[in-house]
Amino acid sequence: MSQAFHPQQQLPQQPLPVARAFATASEVIEVTPISDGHIHDTYRCACRDGALSILQRINTAVFVDPAAVMRNIVIVLSAANAGHRAIRLPALIGASQPDAALPVVRRPDGSWWRMWHAIPGAVSAPIPARPREANACGRGFGAFLAFTRELEPKRLTETIPRFHDIERRLGELADAIRLDPAGRLSGVKREVGLVEERASRMTSYFRSLGRIAPRVTHNDTKFNNILLDAQSGEPRAVIDLDTVMAGYAAYDFGDGARTGAATAAEDTGEPQLMGLNRESFRAYADGFLEEASLSADELATLPQATAYMTFIMAVRFLTDYLAGDRYYHVDDPEHNLRRARAQLSLVLALEADADQIRAVFP
Ligand code: GN1
Ligand code: MG
């Protein structure tokens with residue numbers, strides 16, 4: 008186990024009593040941890056009537072204004088209930104004794120918890136994905152953008168400021184390099200060099216996005232944030248609404264392709280196996296464009312979007328590695344380094360495939 012610092016872990020909480028403070032139709036009888044996400048603590052809850060729900064302790068070190076996160080989600084869900092959507096969103100279960108306007112349970116130790124209905128028969132897509140799953144993923148995230156089109160981005164709070172702004176992320180990397188708080192810099196000279204060589208190009212790309220009107224985007228379109236129907240493989244639901252806020256279509260397109268058209272997992276220990284599955288990429292892009300109906304200006308940003316999102320994740324993982332694993336959950340002390348290396352391998356592969364990528368777009 009790593010010695011990573013996770014502020015939440017200092018205050019162990021029993022999830023079962025918290026789960027029972029939500030208004031489930033019948034009593035929660037079993038709570039099991041799920042280790043999928045990198046941010047929150049997540050549990051699957053089984054109820055006496057057989058229903059399943061998902062309990063999450065919100066990571067308030069990452070989301071310092073959890074009320075704003077929940078307000079954003081409530082706005083997005085009520086817009087979803089109002090209609091025009093081809094994609095389902097998960098539904099929240101409120102507290103049985105709501106102490107506030109928000110569907111959360113707050114504990115005296117300062118922790119914030121929320122609960123979702125599980126979506127029966129829906130599964131996350133495997134990684135690496137086959138073209139068919141990549142296409143479903145593209146359609147699902149594309150449909151999400153089509154649905155949020157009507158939502159005014161100013162209604163949502165920017166819960167993590169400058170989330171996909173590479174200038175912010177490069178600044179944080181520079182701080183980590185200067186301070187080297189965990190004494191890990193000497194082992195990552197090559198990775199730092201790869202980042203530095205690309206920094207100004209990525210910054211120009213980011214600045215060019217500023218010429219487009221922001222819209223409401225999901226901002227965390229990792230492949231496992233879409234659920235597919237276990238039988239038909241059709242996109243069923245888009246989950247993880249924490250970072251839904253103003254952004255650009257390029258963010259959602261790029262992060263979905265980063266994870267859904269890659270040949271290996273985000274944290275593969277064999278970065279030489281990481282690359283672009285061209286067939287999955289084409290299938291993903293076709294699905295996304297079929298549903299999203301983007302403007303010509305937005306379309307023009309997509310060929311570089313996957314490399315941009317992959318690069319920003321490389322920078323963030325490398326920064327967290329240098330910082331001593333303070334942000335992402337890690338399985339071991341090398342985990343963030345594996346993630347950073349795998350993402351950098353993918354950046355190199357995307358550069359090598361730039362012509363083929365460009366040819367996918369109209
Ligand atoms: C985090 O919540 P999760 O695990 O889907 C992160 C994303 C990264 C992702 C990398 C709030 O996403 O930005 O792309 O890890 N979320 C936050 O796997 O930082
Ligand atoms: Mg997330």
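Counting in our numbering, the sequence shown runs from 8 upward without gaps.
Positions of the beta carbon are idealized from the N, C-alpha and C atoms, including for glycine.
Residues near residue i by beta carbon distance below 6 angstroms, same chain, minus five either side
{"i": "ASN231", "result": "SER131"}
{"i": "VAL35", "result": "ALA26, ARG27, CYS52, CYS54"}
{"i": "VAL38", "result": "PRO22, LEU23, ALA26, TYR50, CYS52"}
{"i": "GLY254", "result": "THR224, ASN226"}
{"i": "GLU286", "result": "PRO138"}
{"i": "TYR334", "result": "ASP327"}
{"i": "LEU180", "result": "VAL322, THR326"}
{"i": "ARG375", "result": "Residue 375 is absent from the structure shown; the chain starts at 8 and stops at 369."}
{"i": "ARG175", "result": "ARG169"}
{"i": "HIS45", "result": "TYR335, HIS336"}
Proximity to residue i [Cα-Cα], best of the options
{"i": "PRO242", "options": "LEU96, ALA32, TYR50, ALA74", "result": "LEU96"}
{"i": "ALA74", "options": "ASP259, LEU353, ARG113, ALA366", "result": "ARG113"}
{"i": "PHE3", "options": "TRP119, GLU305, PRO160", "result": "Since the first residue of the chain shown is 8 and the last is 369, residue 3 is not available in this structure."}
{"i": "VAL202", "options": "ALA366, PRO369, ILE80, VAL322", "result": "VAL322"}
{"i": "ASN284", "options": "ALA359, PRO340, GLY217", "result": "ALA359"}
{"i": "ILE65", "options": "LEU192, GLN279, HIS47, PRO221", "result": "HIS47"}
{"i": "ALA307", "options": "GLY149, ALA314, LEU216, LEU280", "result": "LEU216"}
{"i": "LEU177", "options": "PRO160, SER211, ILE80, GLY194", "result": "SER211"}
{"i": "LEU355", "options": "THR313, LYS161, ALA290, GLU157", "result": "THR313"}
{"i": "LEU163", "options": "ALA244, ASP72, HIS342, ALA269", "result": "ASP72"}
{"i": "ALA256", "options": "ILE233, GLU341, ALA268, GLY149", "result": "GLY149"}
{"i": "ARG169", "options": "ASP116, LEU309, THR250", "result": "THR250"}
{"i": "SER103", "options": "THR31, ASP116, HIS45", "result": "THR31"}
{"i": "GLY282", "options": "GLY190, ILE134, PRO160", "result": "ILE134"}
{"i": "ALA299", "options": "GLU140, ARG222, THR67", "result": "ARG222"}
{"i": "MET209", "options": "ALA237, HIS171, PRO340", "result": "HIS171"}
{"i": "GLU140", "options": "GLN238, ASP339, ASP182", "result": "GLN238"}
{"i": "ASP43", "options": "GLU273, PHE288, GLN279, ASP293", "result": "GLU273"}
{"i": "ARG289", "options": "LEU301, LEU280, GLN279, LEU309", "result": "LEU309"}
{"i": "ARG345", "options": "ALA366, GLN279, LYS161", "result": "GLN279"}
{"i": "GLU117", "options": "VAL76, PRO160, THR67, LYS161", "result": "Note that residue 117 corresponds to Gly in the displayed sequence, not to Glu. Of VAL76, PRO160, THR67, LYS161, the residue nearest in Cα terms is THR67."}
{"i": "GLY147", "options": "PRO160, ARG175, GLY240, GLY190", "result": "GLY240"}
{"i": "ILE167", "options": "SER33, LEU296, VAL76", "result": "VAL76"}
{"i": "ILE233", "options": "ILE94, HIS45, LEU59, GLU341", "result": "ILE94"}
Beta-carbon proximity of residue i to residue j, cut-off 7 angstroms
{"i": "THR317", "j": "GLN350", "result": "yes"}
{"i": "GLY331", "j": "PRO188", "result": "yes"}
{"i": "ALA136", "j": "LEU235", "result": "no"}
{"i": "ILE100", "j": "PHE151", "result": "no"}
{"i": "GLY244", "j": "ILE126", "result": "It is worth fixing the name first, because residue 244 is Ala in this sequence and not Gly. Going by C-beta atoms, ALA244 is nearer than 7 angstroms to ILE126."}
{"i": "ALA206", "j": "LEU158", "result": "no"}
{"i": "TRP123", "j": "ILE80", "result": "no"}
{"i": "TYR291", "j": "ALA264", "result": "yes"}
{"i": "ILE173", "j": "ILE364", "result": "no"}
{"i": "LEU248", "j": "VAL69", "result": "no"}
Classification of residue i by the beta-carbon crowding that lies within 10 angstroms, buried from 16 upward
{"i": "PHE154", "result": "buried"}
{"i": "ILE246", "result": "buried"}
{"i": "ILE41", "result": "exposed"}
{"i": "PHE368", "result": "exposed"}
{"i": "GLY145", "result": "buried"}
{"i": "GLY128", "result": "exposed"}
{"i": "GLY194", "result": "exposed"}
{"i": "ARG156", "result": "exposed"}
{"i": "GLY294", "result": "buried"}
{"i": "SER352", "result": "buried"}
Own chain partners of residue i with C-beta closer than 8 angstroms, once the 5 adjacent residues on each side are dropped
{"i": "GLU277", "result": "ALA271"}
{"i": "GLU165", "result": "MET252, ALA253"}
{"i": "ARG78", "result": "LEU109, THR164"}
{"i": "ARG218", "result": "ASP304"}
{"i": "THR275", "result": "MET281, ARG345, ALA349"}
{"i": "LEU357", "result": "LEU283, THR313, ALA314, THR317, ILE364"}
{"i": "LYS161", "result": "ALA253"}
{"i": "ALA98", "result": "LEU84, TRP123, HIS124"}
{"i": "GLU297", "result": "GLY145, ARG146, GLY149"}
{"i": "SER33", "result": "CYS54, ARG55, ASP56, ALA58"}
{"i": "ASP362", "result": "none"}
Sequence-distant residues of the same chain with beta carbon closer than 7 angstroms to residue i, five excluded per side
{"i": "ILE184", "result": "LEU192, VAL199, LEU329"}
{"i": "GLN311", "result": "TYR212"}
{"i": "GLY261", "result": "ALA312, THR313, TYR315, MET316"}
{"i": "ALA347", "result": "GLU198, ALA321, PHE324, LEU325, TYR328"}
{"i": "LYS229", "result": "ASP262, THR266"}
{"i": "LEU301", "result": "ALA256"}
Any chain B beta carbon closer than 7 angstroms to residue i
{"i": "TYR255", "result": "No chain B appears in the structure shown, which is made up of a single protein chain."}
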